[in-house]
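> Let me give you the structure first, and then I'll get to my questions.
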Amino acid sequence: MTLLDVDDIHTYYEHSHILQGVSLRAEGGQVTALLGRNGVGKTTLIRSVIGFTPPRSGSIRFAGEPIERLASHAIARRGVGLVPQGRRIFPSLTVEENLRIGGLPGRSGRWSLDTVYELFPRLRERTGNYGGELSGGEQQMLAIGRALMSNPVLLLLDEPSEGLAPLIVRELERTMSRLKETGLAIVLVEQNLPLALAVADTAYIISKGRVVFHGDPDIIRTDDEVRTNHLGI
Amino acid sequence: MDLRFFAQNALGGLAYGSLLFLIASGLTLVFGLMRIINLAQTAFYLLGAYVGLTLVAHGFDFWLSSVAGGVVTMVLGLAVYSAFLHRYHADPLTSLLLTLGFALILDDGILALWGGDPRSVSPPPMLRGSIQIGTLVFPEYWLAVIAISFTVAAIMFVSLRRTMLGVIIRASVDDEEMARGLGVDVNRAFYVVFAAGALIAGIGGLLGGPITSAYPGLDGELTPLAFAVVIVGGMGSLTGALVGSILIGLVNAFGKAMFPELSYFTIFVPVALIMAFRPQGLFGRKQ
Numbered sequence: 166m167t168l169l170d171v172d173d174i175h176t177y178y179e180h181s182h183i184l185q186g187v188s189l190r191a192e193g194g195q196v197t198a199l200l201g202r203n204g205v206g207k208t209t210l211i212r213s214v215i216g217f218t219p220p221r222s223g224s225i226r227f228a229g230e231p232i233e234r235l236a237s238h239a240i241a242r243r244g245v246g247l248v249p250q251g252r253r254i255f256p257s258l259t260v261e262e263n264l265r266i267g268g269l270p271g272r273s274g275r276w277s278l279d280t281v282y283e284l285f286p287r288l289r290e291r292t293g294n295y296g297g298e299l300s301g302g303e304q305q306m307l308a309i310g311r312a313l314m315s316n317p318v319l320l321l322l323d324e325p326s327e328g329l330a331p332l333i334v335r336e337l338e339r340t341m342s343r344l345k346e347t348g349l350a351i352v353l354v355e356q357n358l359p360l361a362l363a364v365a366d367t368a369y370i371i372s373k374g375r376v377v378f379h380g381d382p383d384i385i386r387t388d389d390e391v392r393t394n395h396l397g398i
Numbered sequence: 002m003d004l005r006f007f008a009q010n011a012l013g014g015l016a017y018g019s020l021l022f023l024i025a026s027g028l029t030l031v032f033g034l035m036r037i038i039n040l041a042q043t044a045f046y047l048l049g050a051y052v053g054l055t056l057v058a059h060g061f062d063f064w065l066s067s068v069a070g071g072v073v074t075m076v077l078g079l080a081v082y083s084a085f086l087h088r089y090h091a092d093p094l095t096s097l098l099l100t101l102g103f104a105l106i107l108d109d110g111i112l113a114l115w116g117g118d119p120r121s122v123s124p125p126p127m128l129r130g131s132i133q134i135g136t137l138v139f140p141e142y143w144l145a146v147i148a149i150s151f152t153v154a155a156i157m158f159v160s161l162r163r164t165m166l167g168v169i170i171r172a173s174v175d176d177e178e179m180a181r182g183l184g185v186d187v188n189r190a191f192y193v194v195f196a197a198g199a200l201i202a203g204i205g206g207l208l209g210g211p212i213t214s215a216y217p218g219l220d221g222e223l224t225p226l227a228f229a230v231v232i233v234g235g236m237g238s239l240t241g242a243l244v245g246s247i248l249i250g251l252v253n254a255f256g257k258a259m260f261p262e263l264s265y266f267t268i269f270v271p272v273a274l275i276m277a278f279r280p281q282g283l284f285g286r287k288q
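Order-wise, the sequence lines are chains D and W. Using this note's numbering, read the first sequence as starting at 166 and increasing by one per residue. Using this note's numbering, read the second sequence as starting at 2 and increasing by one per residue.
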């Protein structure tokens, strides 16, 4: 079943035409990787889906319903969880408050304060600490936990490995695999190619605001030409 | 400088600062949350004072009249907010000009309805006496105003720290867009904060009446002080508003007593120093 159906969207920042007719689909329960060099519009695509920067034209359907004209909070409440680039933990909130605000949409499901703390025991130890007092790895756990608290159907993960030590990145990979096992669909924007290819079921490569490749992640792994032409590696 | 001079001015400064807190708390939270600089906030205070003193003149209870003045002000504030200001979040210049316009309209409305004569306000009968400690004499009403303002401050602090609404407000001050992206309807928090700011300033109007009295133009005199509080304390910080109110209240009282011809100078030199060396204010976060 197509959970997220992005059809020919054009998104602008002021006068800059960032997304120039992007279409992609994310299936329920699968990991869809968005790859591409810096500044090609991957984060803009995430921002378009969550409604931070709505597209000027084109449509975005989530679970069959159009969402491209909805306010961000309404999109989130339908079951879209967001782990943004840079994590954006609230520094004036404690770890527990960061999680509680994530749970505000009140959707029922497997995730609660207790189950998030089971997934990330480290966060339980830091429950009373303020968001600004956490390490990068802890902030990433908190950003994921905060998004899970709303029991989303689709998780938007934007550059989760950014700035993390290799050991923590391996932990992140295990976390993503566990989330996938729960049936959660993930749209993953990632610069770390091995990480993205390890968890992805399908992959898109974006270049200059357009989709230039869509297919099996194995093709990207094995086809040097695809990597050289579209990713520059 | 004898003890009596010091004690009287300290208490007077604290009482005046308490009133400033009732005005500045709403100012700083509204700015921190919505980036709206509300130049009509002191006009809200003045409107609350006139509504309250009119009710008192008709025989109503002082405290009830004060709260009624706050409620009338809140309703007007909400009307202005939902009809106009609501559209100009994160657009400080437009909202600044709009609120300046509303401050002028309120001023003229007050002048038309109540005339230009200053109105003195008597404290409620139970608080007209003084407390004498040795040779020091403190008006009971000043102490009551300080106690009330600190109670209001305590309620605001507990609400910000301990309620889900407080969590939403703090999160939105940190990163409004992210809060929206998590499914939080931030607009509802905006309405609540704007309403609370107008309510508290409006209640403060009659409470402050026995200290500031009420006259057209009082709001214009209070506005620089209220903004000094916000600048000193740090925009968006309630702790900053409390500490800033006390500081500005004390500096204002001692400045007027010791260098009456330099009263604005004594307030705005510290403000200028803070802006130069700590532009985010004592408790504000760097933008």
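In this text, a Cβ means the ideal position worked out from N, Cα and C, and glycines have one as well.
#1: Against W/V185, what residues of chain B qualify as contacts under a CB-to-CB distance less than 7 Å, listed in chain order?
#2: Once you ignore the five residues that flank W/G130 on each side, which residues in its own chain have a CB closer than 6 Å to its CB?
#3: Going by beta carbon distance, what residues of the same chain come within less than 7 Å of D/R272, once the five residues before and after it are set aside?
#4: For D/N203 and D/V187, what's the separation of their Cα atoms in angstroms?
#5: For the segment 204-226 of chain D, which residues have a CB atom closer than 7 Å to at least one CB atom of chain W, in sequence order?
#6: Determine whether the beta carbon atoms of D/V248 and D/D323 lie at a separation below 8 Å.
#7: Ignoring anything shorter than 4 residues or poking outside the segment 159-196 of chain W, list the alpha helix (DSSP H) runs there in chain order.
#8: Pick from D/E390, D/I371 and D/T167: whose alpha carbon is nearest that of D/T209?
#9: Which parts of the segment 346-398 of chain D are runs of the beta strand (DSSP E), unbroken and 3 residues or longer, counting only runs that do not cross its ends?
#10: Are W/G14 and W/F255 closer than 8 Å when you measure CB to CB?
#11: Please report the Cβ distance between D/S361 and D/A198, rounded to the nearest whole angstrom; I am assuming they are in contact, meaning their Cβ atoms lie under 8 Å.
#12: Assign W/A273 to buried or exposed, taking buried as 16 or more other Cβ atoms, counted over all protein chains shown, within 10 Å of its Cβ.
#13: Measuring alpha carbon to alpha carbon, tell me which of D/Q305, D/E233, D/L299 and D/V214 ends up nearest D/L329.
#14: Buried or exposed for W/A104, please, with buried defined as at least 16 other CB atoms from any protein chain shown within 10 angstroms of its CB.
#15: Hey, out of W/A58, W/Y82, W/L207 and W/I268, whose CA is closest to W/L248's CA?
#16: Using DSSP bridges, identify the partner residues of W/A215.
#17: Taking 8 Å as the threshold (C-beta atoms), are D/R221 and D/T280 in contact?
#18: In whole angstroms, give me the CA-to-CA distance for D/E124 and D/R339.
#19: Mind listing the chain W neighbours of D/R234? Cutoff is C-beta to C-beta under 9 Å, in chain order.
#20: With DSSP as the reference, please indicate the residues paired to D/R226 in a beta bridge.
#21: Over the uninterrupted beta strand (DSSP E) stretch that includes D/T197, give me the two end residues.
#22: CB-CB under 7 Å to D/P256, same chain, minus the five flanking residues each way: which ones, in chain order?
#23: For the candidate residues W/V73, W/R88, W/R163 and W/R5, whose alpha-carbon lies nearest to that of W/R36?
#24: Does any C-beta atom of chain W lie closer than 8 Å to the C-beta of D/E303?
#25: On the three-state DSSP scale, how would you describe W/T136?
#26: What's the gap between the Cα of W/A277 and the Cα of W/V270?
#27: What does DSSP give as the partner residues of W/L23 in its beta bridges?
#28: Would you identify the three-state DSSP class for W/A91, choosing helix, strand or coil?
#29: Can you check whether the C-beta of W/V159 is within less than 8 Å of a C-beta belonging to chain D?
#30: Checking contacts by CB at 8 Å: is D/F285 closer than that to chain W?
#31: D/S181: buried (16+ other C-beta within 10 angstroms of its C-beta) or exposed?
#32: For D/E323, list the residues DSSP reports as bridge partners.
#33: Counting C-beta neighbours from all protein chains within 10 Å, is the total for D/D383 16 or more, i.e. buried, or is it exposed?
#34: Would you call the segment 180-197 of chain W in contact with the segment 59-73 of chain W, where contact means no fewer than 3 C-beta pairs closer than 8 Å?
#35: Which residues of chain W have a Cβ atom closer than 7 Å to the Cβ of D/A330, listed in chain order?
#36: What separation, rounded to the nearest whole angstrom, lies between the Cα atoms of D/L405 and D/D366?
Put simply:
#1: The structure shown contains no chain B; the protein chains it does contain are D and W.
#2: E141
#3: G244, S315 and N316
#4: 17 Å
#5: I215 and F217
#6: yes
#7: 165-182
#8: D/I371
#9: 350-354, 367-372 and 375-380
#10: yes
#11: Sequence inspection shows Ala at residue 361 of chain D; the Ser mentioned does not correspond to that position. Right, their Cβ atoms sit about 4 Å apart.
#12: exposed
#13: D/Q305
#14: buried
#15: W/I268
#16: W/R120
#17: no
#18: No answer is possible for residue 124 of chain D: it lies beyond the span of chain D, which begins at 166 and ends at 398.
#19: Those within 9 Å of D/R234 in chain W number zero; the least Cβ separation is about 15 Å.
#20: D/D170 and D/P231
#21: V196 to L200
#22: Y295, G296 and G297
#23: W/R88
#24: no
#25: coil
#26: 11 Å
#27: Answer is none; W/L23 lacks a bridge partner.
#28: coil
#29: no
#30: no
#31: exposed
#32: According to the sequence provided, residue 323 of chain D is Asp. The question's Glu does not apply to it. The partner list for D/D323 (beta bridge, DSSP) reads D/V354.
#33: exposed
#34: no
#35: Ordered by position in chain W, no residue passes the 7 Å Cβ test against D/A330, which lies about 24 Å from the chain.
#36: As shown, chain D starts at 166 and ends at 398. That puts residue 405 of chain D outside it, with no answer to give.
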